[in-house]
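Heads up: the structure comes next, in structure tokens.
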Amino acid sequence: KKELEKQVQQFVNSDPRLKKQYGDLLTRFEKKFKKSVQSYERNFFLTRFRYLAGTIPAIANSIYSVAYERAKPEDERNPMFSEKDVQRSVKRLKYRYMSYAPEIDKALLKRMLLKLKALPEDQRIKGLDFIFKEYASVDDFIEQAYAKTKLTDVKFASSLFEKSLEELNKMDDPFIRMAKALQPEIEKNRKQEERDKAELRELNKQWIELLMAFQNKPFYPDANGTIRFTYGKISGYTPRDAVWYKPFTTLTGVMEKETGEWPFIVPEKLKQLYQAKDFCQWQDETLKDVPVAFLNECDITGGNSGSPVFNAKGELIGIAFDGNWEALTGDWQFLDGIQRAINVDIRYVLFVTEKFAEAHHLLKELGIE
Numbered sequence: 001k002k003e004l005e006k007q008v009q010q011f012v013n014s015d016p017r018l019k020k021q022y023g024d025l026l027t028r029f030e031k032k033f034k035k036s037v038q039s040y041e042r043n044f045f046l047t048r049f050r051y052l053a054g055t056i057p058a059i060a061n062s063i064y065s066v067a068y069e070r071a072k073p074e075d076e077r078n079p080m081f082s083e084k085d086v087q088r089s090v091k092r093l094k095y096r097y098m099s100y101a102p103e104i105d106k107a108l109l110k111r112m113l114l115k116l117k118a119l120p121e122d123q124r125i126k127g128l129d130f131i132f133k134e135y136a137s138v139d140d141f142i143e144q145a146y147a148k149t150k151l152t153d154v155k156f157a158s159s160l161f162e163k164s165l166e167e168l169n170k171m172d173d174p175f176i177r178m179a180k181a182l183q184p185e186i187e188k189n190r191k192q193e194e195r196d197k198a199e200l201r202e203l204n205k206q207w208i209e210l211l212m213a214f215q216n217k218p219f220y221p222d223a224n225g226t227i228r229f230t231y232g233k234i235s236g237y238t239p240r241d242a243v244w245y246k247p248f249t250t251l252t253g254v255m256e257k258e259t260g261e262w263p264f265i266v267p268e269k270l271k272q273l274y275q276a277k278d279f280c281q282w283q284d285e286t287l288k289d290v291p292v293a294f295l296n297e298c299d300i301t302g303g304n305s306g307s308p309v310f311n312a313k314g315e316l317i318g319i320a321f322d323g324n325w326e327a328l329t330g331d332w333q334f335l336d337g338i339q340r341a342i343n344v345d346i347r348y349v350l351f352v353t354e355k356f357a358e359a360h361h362l363l364k365e366l367g368i369e
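Read in order, the letters of the sequence shown are residues 1 to 369 in UniProt numbering.
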């Protein structure tokens, strides 16, 4: 790639017209990337604070960010914000507490705060300085914060999603205070990322224009960020000696896995359909059951969830949504014997659409009878 850039720059320098238009293009790229590298660590921890600093800090950040967005005029809000998503988050809040373990939470927060404290002076998140100035140590802040907060109570936390920004700002909760300190920084970082992406889009556009002029012939694009195609057979696998995972799971398996606790809760209506064997055309005649998911040998990666799966006739037979545990190293080495993509069978999707959801208008729209 460096050699290509060198050749392209020589090509640009040989033509006064191109030099005027593209002469400093690679230099502009370099400046942009250097600037990104300088603030990478700070931005990394800032954007991931709500995910990597523990359950309670994450929930406090969620609560505060909702009030922060609501306080803005509607046309200035984050495009990703919606009241529908807020209500969905509140309903799911109890599940976030299922993974809450105080000692682990404290350890995660301590690690994050120490990382932020160690940043160079010009990269520091100034809003968090109160932690390092008002408390004897990070450990001291953490112990006092968890002892004082009421956010460990899911009902209390749920109620805060209805509070205004002004009401939250008046609260004497250490995690809300921490979220308040972080939010302007997160907002500033988000807007800067948007500007950076816009600038890079323009630079990349000019780079492609230049490559087209340099090569002076049609060429295929870099595959990164483009549509991919992968193929393989439906197949089970052997993860270890004397164990064989079948390629299909079924509705019977869904019933057998139910525990009555999340995530293995089967809706009553689905149980009734199963007991009545009301499968219609969605039953597989070989399995004598409704197929739910299947394995195939396709090479997928993060971001493939939702990818359509076609058979040899070009018919949609499923939707990819995951990979098996044994294939986590697949981005570095593809192992034919154990790497599998996990896909929902389209017959199960249609069975749920018709019999469970009774969304006949959708089937009609798809031309399925």
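Heads up, the beta-carbon is just placed ideally off N, CA and C, and yes, glycines get one too. All figures in this text were calculated on a predicted structure; none of them were measured in a lab.
Cutoff 8 Å: residue i Cβ touching any chain C Cβ
| i | result |
| --- | --- |
| Trp207 | In the structure shown, chain C cannot be found, because there is only a single protein chain. |
Exposed unless 16 or more other CB atoms sit within 10 angstroms - verdict on residue i
| i | result |
| --- | --- |
| Ser65 | buried |
| Asn169 | exposed |
| Ile63 | buried |
| Pro218 | exposed |
| Pro57 | buried |
| Ile186 | buried |
| Asp24 | exposed |
| Gln339 | buried |
| Asn296 | buried |
| Gly323 | buried |
| Thr329 | exposed |
| Leu116 | buried |
| Leu160 | buried |
| Glu74 | exposed |
| Ile227 | exposed |
| Ala145 | buried |
| Thr55 | buried |
Closest by C-alpha distance to residue i, when choosing among the options
| i | options | result |
| --- | --- | --- |
| Gln183 | Gly232, Arg228, Lys126 | Lys126 |
| Asp122 | Pro267, Phe334, Glu41, Arg190 | Glu41 |
| Phe175 | Gly306, Val254, Ala242, Leu151 | Leu151 |
| Ala107 | Arg201, Gln206, Lys31, Asp140 | Asp140 |
| Lys288 | Glu256, Val309, Thr252, Trp332 | Thr252 |
| Ser164 | Ala67, Pro102, Phe156, Phe11 | Ala67 |
| Lys148 | Leu128, Asp172, Phe132, Val138 | Asp172 |
| Gly367 | Leu350, Lys34, Val138 | Leu350 |
| Tyr274 | Leu211, Lys355, Ala327 | Lys355 |
| Lys110 | Lys20, Ile131, Arg96 | Ile131 |
| Leu18 | Glu134, Tyr95, Leu210 | Leu210 |
| Gly236 | Glu103, Asp331, Asp336 | Asp336 |
| Lys2 | Ser14, Trp244, Leu26, Pro16 | Leu26 |
| Gly232 | Ser99, Pro120, Asn343 | Asn343 |
| Thr47 | Ala179, Ile104, Lys32, Ala145 | Ala179 |
| Glu167 | Glu326, Pro308, Val352, Arg70 | Arg70 |
Helix, strand or coil at residue i [DSSP, three-state]
| i | result |
| --- | --- |
| Tyr51 | helix |
| Leu295 | strand |
| Leu316 | strand |
| Tyr308 | Sequence inspection shows Pro at residue 308; the Tyr mentioned does not correspond to that position. Three-state result, Pro308: strand. |
| Ile227 | coil |
| Asn100 | Note on identity: in this sequence residue 100 is Tyr, with Asn being the wrong assignment. If DSSP states are grouped into helix, strand and coil, Tyr100 belongs with coil. |
| Tyr245 | strand |
| Phe321 | strand |
| Ile59 | helix |
| Val352 | helix |
| Tyr22 | helix |
| Thr252 | helix |
| Ile346 | helix |
| Asp341 | First, the amino acid is wrong: residue 341 is Ala here, not Asp. Correct three-state label for Ala341: strand. |
| Tyr40 | helix |
| Tyr135 | coil |
| Ile186 | helix |
| Ile234 | strand |
| Asp140 | helix |
| Asp75 | helix |
| Asp284 | strand |
| Asp278 | coil |
| Asp105 | helix |
| Asp336 | coil |
| Asp289 | strand |
| Phe81 | coil |
| Pro267 | coil |
CB-CB length for residue i against residue j, believed under 8 Å
| i | j | result |
| --- | --- | --- |
| Ala341 | Ala320 | 5 Å |
| Arg50 | Asn61 | 4 Å |
| Val154 | Leu93 | 6 Å |
| Arg347 | Val290 | 7 Å |
| Leu128 | Ala181 | 5 Å |
| Val12 | Tyr22 | 5 Å |
| Arg96 | Ile59 | 6 Å |
| Ile265 | Pro247 | Contact doesn't hold; Cβ gap of about 26 Å is too wide. |
heavy atom of the ligand SAM below 7 Å from residue i C-beta
| i | result |
| --- | --- |
| Lys233 | This structure lacks the ligand SAM; in fact it carries no ligand of any kind. |
Three or more beta-carbon pairs under 8 Å between the stretch 268–280 and the stretch 301–313, yes or no? Touching, no, given that fewer than three Cβ pairs across the two stretches are closer than 8 Å.
Evaluate contact between the stretch 309–317 and the stretch 259–269, counting only Cβ atoms and requiring at least three cross-stretch pairs below 8 Å. Flag = no, the stretch 309–317 and the stretch 259–269 do not touch.
If we count Cβ pairs, one from each stretch, closer than 8 Å, do we get three or more for the stretch 193–207 versus the stretch 78–96? Remark: fewer than three beta-carbon pairs, one from each stretch, lie closer than 8 Å, so the stretch 193–207 and the stretch 78–96 are not flagged as touching.
On the three-pair Cβ rule with 8 Å, is the stretch 4–12 touching the stretch 202–217? Touching, yes.
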